[in-house]
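Sequence order for the protein chains is L and S.
Take the position in the first sequence, starting the count at 1, then add 1485; the result is the number in this note's numbering.
Take the position in the second sequence, starting the count at 1, then add 1485; the result is the number in this note's numbering.
Idealized CB from N, CA, C, for every residue including glycine.
Number of protein chains: 2
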Amino acid sequence: MTVDPLIRKLEQFQPLSPGARAALEAMPSRLREYQKGDLIVEADTSPDESALVVTGCVFRFKRTADGDRQIVALHVPGDFVDLHSFVLKPMDHSVAAAVASIVARVPHGKIADILRDHPHLTRNLMWDMALDAAIGREWMVAMGRRQAPARMAHLFCEMYFRMRRAGLVKDGSFEFSLTQQDVGDLCGLSTVHVNRTIQALRKKELIAMDSKSVTILALEELIGLAGFDPAYLHLLE
Amino acid sequence: MTVDPLIRKLEQFQPLSPGARAALEAMPSRLREYQKGDLIVEADTSPDESALVVTGCVFRFKRTADGDRQIVALHVPGDFVDLHSFVLKPMDHSVAAAVASIVARVPHGKIADILRDHPHLTRNLMWDMALDAAIGREWMVAMGRRQAPARMAHLFCEMYFRMRRAGLVKDGSFEFSLTQQDVGDLCGLSTVHVNRTIQALRKKELIAMDSKSVTILALEELIGLAGFDPAYLHLLE
DNA sequence: CGGAAAGTTGACATTCGTCAATTTGTGTGG
DNA sequence: CCACACAAATTGACGAATGTCAACTTTCCG
């Protein structure tokens, strides 16, 4: 089912009642497919649905007045991308597909219905919002206080653990077909600098990377370089 | 009353029912006073209360493995500092007083009671959490994509508007007695660079600043330099 | 008055960005 | 299957932004 990864994630906070789980599973949504780069939600609009990643990878971004792009969040299957648009409108940022993705669009009215019928579920969703914010805080630390190699190593560590929670890591590698420019906009670096930093990580044999995926070759060393502590992801295992 | 600024802020989302407002006003809390630098909540602990700023200024910060500090949020009166700790524990960051401050500590149990009795209030609190996240996103853009002068100008613009919402701006100036080192840890810059950048802003006569306060001398120009768009603050006026 | 914390300055090193060119990869039409 | 077109990756040279270190000065407070 399309909501399985979401349910698995939400239950890391507290178990859902059978009724709440059933309500989520029955949650009406339109499935839509997007190609890499497609805009899913545009900044300044006030959507009446929220997007749930089913397959692929989706990011949220803002632009500065002079057109520079900064990616402010990256979402994997099971993530509720813009749950906040349920309460906070208009959108202060845009949402786009990082790779070819399938996204479920859930009407806000339905979310309201489910929360009315299952008040306890509210806590789970607040937990998810809070988790999102915690990831954002860690990105702030990375951008403000880590230099390029550690910053990118940190990104790869985070994606490794988040993809693993979604069950999408095999033999240390996971799908990651972002452009080096995308990575630059993620980390607040220029494309050229991203390129050189990736080469350094490769030379140290910490990661392998092609246009489709990233492979973690030496997790411990990568964690050390990044100064990574997975606590903020609130993983179970 | 200590919760007045909070109520005023929450009603920017949607009006509170008289019952909900009364419940907030009657919300039990211990008032505590902190001196500049005092730790209010420590990272890795699991507090059973959340902090509400009554007076002063409070920030949240994380440290990297090698001890560097990054401030990830700054809170003015009326802000619920760590509402997320209601659902997300343990804390992934610490909270400290940026200046001498009075803080109300509200037990999570009481928050749960109020939300049970006034389910609609939940939306207002989710809105507040979402607003917090929106501010964080804007900081990410600043740290990733703006250089020092614009980054600091952006900080001053944001604080100007947030302090104004809290009713704390007079003649373009507001209390701001952070150290230049604090500002560096806010913006992801070194103390020396902060110093030089402030001097540049002064020379352009955009701001005036002493150890206690900031005065905005030329708001329009400052906004232009920062590339500031207040939309993300969801101000009413 | 004394001392510590904060602010300021100069010299210098490093990181990172920009520009422009080149190479590699990838998909499409013939 | 080949040739072309275009996007992405890579490279080198250079300049700009920012960090570091070590002084020195000012402010604040007891």
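With a threshold of 8 Å on Cβ separation, who are the neighbours of residue i within its own chain once the five nearest residues in sequence on each side are excluded?
i, result
"L1671 (chain L)", "F1544, I1556, L1559, L1640, L1663"
"L1616 (chain L)", "L1718, H1719"
"E1705 (chain S)", "none"
"G1594 (chain L)", "D1533"
"H1678 (chain L)", "A1633, G1669"
"G1522 (chain L)", "A1581, A1582"
"D1602 (chain L)", "G1504, A1508"
"E1623 (chain S)", "H1639, E1643, Y1717"
For residue i, which residues of its own chain have a beta-carbon under 7 Å away from its beta-carbon, when the five flanking residues on both sides are left out?
i, result
"S1570 (chain L)", "P1532, S1535, M1576"
"E1690 (chain S)", "L1702, A1703"
"E1518 (chain L)", "I1587"
"H1578 (chain S)", "A1528, R1545, F1546, K1547, V1557"
"L1600 (chain S)", "L1606, T1607"
"I1493 (chain S)", "Residue identity differs from the one stated: residue 1493 (chain S) is Arg in this sequence, not Ile. Result list for R1493 (chain S): G1563, in chain order."
"L1495 (chain L)", "L1501, N1609, D1613"
"N1680 (chain S)", "Q1665"
"A1511 (chain L)", "none"
"T1530 (chain S)", "P1575, M1576"
"K1655 (chain L)", "none"
Taking residue i as the query, report the chain L residues whose CB atoms sit under 9 Å from its CB, ordered along the chain.
i, result
"K1595 (chain S)", "Under the 9 Å cutoff, chain L gives no residues; its nearest Cβ is about 15 Å from K1595 (chain S)."
"V1557 (chain S)", "G1621, R1622, E1623, M1625, V1626, G1629"
Give me the chain L residues within the contact set of residue i, using Cβ-Cβ distance strictly less than 7 Å, ordered along the chain.
i, result
"M1628 (chain S)", "M1625, M1628, G1629, G1673"
"G1504 (chain S)", "Within chain L, no residue comes near G1504 (chain S); the closest Cβ sits about 17 Å away, beyond 7 Å."
"P1604 (chain S)", "P1604"
"A1511 (chain S)", "Ordered by position in chain L, no residue passes the 7 Å Cβ test against A1511 (chain S), which lies about 21 Å from the chain."
"H1569 (chain S)", "A1615, A1618"
Name the chain S residues that come within less than 9 Å of residue i, Cβ to Cβ?
i, result
"K1547 (chain L)", "R1622, E1623, M1625, V1626, R1630, Y1717"
"H1678 (chain L)", "Within 9 Å Cβ-Cβ: nothing; H1678 (chain L) doesn't reach chain S, min ~13 Å."
Below 8 Å on the Cβ atoms is my guess for residue i versus residue j; work out the distance and round it to an integer in Å.
i, j, result
"S1514 (chain S)", "A1589 (chain S)", "4 Å"
"L1524 (chain L)", "T1487 (chain L)", "With 8 Å as the limit, L1524 (chain L) and T1487 (chain L) do not qualify as a contact, their Cβ atoms being about 21 Å apart."
"A1585 (chain L)", "Q1684 (chain L)", "The pair is not a contact, with the Cβ atoms about 27 Å apart (cut-off 8 Å)."
"E1643 (chain S)", "S1698 (chain S)", "The Cβ separation is near 16 Å, so there is no contact."
"N1609 (chain L)", "L1501 (chain L)", "7 Å"
"M1628 (chain S)", "M1625 (chain L)", "6 Å"
"Q1497 (chain S)", "L1721 (chain S)", "5 Å"
"A1618 (chain L)", "A1618 (chain S)", "5 Å"
"P1604 (chain S)", "P1604 (chain L)", "6 Å"
Along chain S, in chain order, which residues have C-beta atoms closer than 8 Å to that of residue i?
i, result
"D1551 (chain L)", "G1712"
Would you check if the distance between the CB atom of residue i and the CB atom of residue j is smaller than 7 Å?
i, j, result
"R1647 (chain L)", "V1561 (chain L)", "yes"
"A1633 (chain L)", "L1710 (chain L)", "no"
"A1507 (chain L)", "L1606 (chain L)", "no"
"W1612 (chain S)", "L1573 (chain L)", "yes"
"G1621 (chain S)", "G1621 (chain L)", "yes"
"G1712 (chain L)", "A1550 (chain S)", "yes"
"P1490 (chain S)", "A1651 (chain S)", "yes"
"V1526 (chain S)", "V1591 (chain S)", "no"
"S1538 (chain L)", "D1564 (chain L)", "At residue 1538 (chain L) the sequence reads Val, which differs from the Ser that was named. Their beta carbons are under 7 Å apart, which means V1538 (chain L) touches D1564 (chain L) by this criterion."
"R1630 (chain L)", "D1553 (chain S)", "yes"
"I1676 (chain S)", "Q1665 (chain S)", "The amino acid occupying residue 1676 (chain S) in the given sequence is Thr; Ile does not appear at that position. Going by C-beta atoms, T1676 (chain S) is nearer than 7 Å to Q1665 (chain S)."
Anything in chain L within Cβ reach of residue i, meaning under 8 Å, just list it in chain order.
i, result
"V1572 (chain S)", "F1498, R1608, M1611, W1612, A1615"
With a threshold of 6 Å (Cβ to nearest heavy atom), would residue i be considered close to the ligand MN?
i, result
"L1702 (chain S)", "The model depicted lacks the ligand MN and carries no ligand whatsoever."
So with CB distances below 7 Å, who are the chain S contacts of residue i?
i, result
"D1577 (chain L)", "A1619, R1622, A1716, Y1717"
Please list, in chain order, all residues of the same chain as residue i whose beta carbon is under 6 Å from its beta carbon, the five residues on each side excluded.
i, result
"S1658 (chain L)", "S1698, T1700"
"Y1645 (chain S)", "I1701"
"L1686 (chain S)", "I1692"
"L1674 (chain L)", "A1633"
"I1596 (chain L)", "F1571"
(request) Quick one: which unbroken alpha helix (DSSP H) runs of 4-plus residues sit fully inside the segment 1532-1609 of chain S? Chain order, please. (result) 1593-1602
(request) Return the chain-ordered ranges of every beta strand (DSSP E) run that is complete within the segment 1684-1708 of chain L and spans a minimum of 3 residues. (result) 1692-1694, 1698-1701
(request) At 4 residues or longer, and completely inside the segment 1601-1682 of chain L: list those alpha helix (DSSP H) runs for me, N to C. (result) 1604-1630, 1633-1650, 1665-1672
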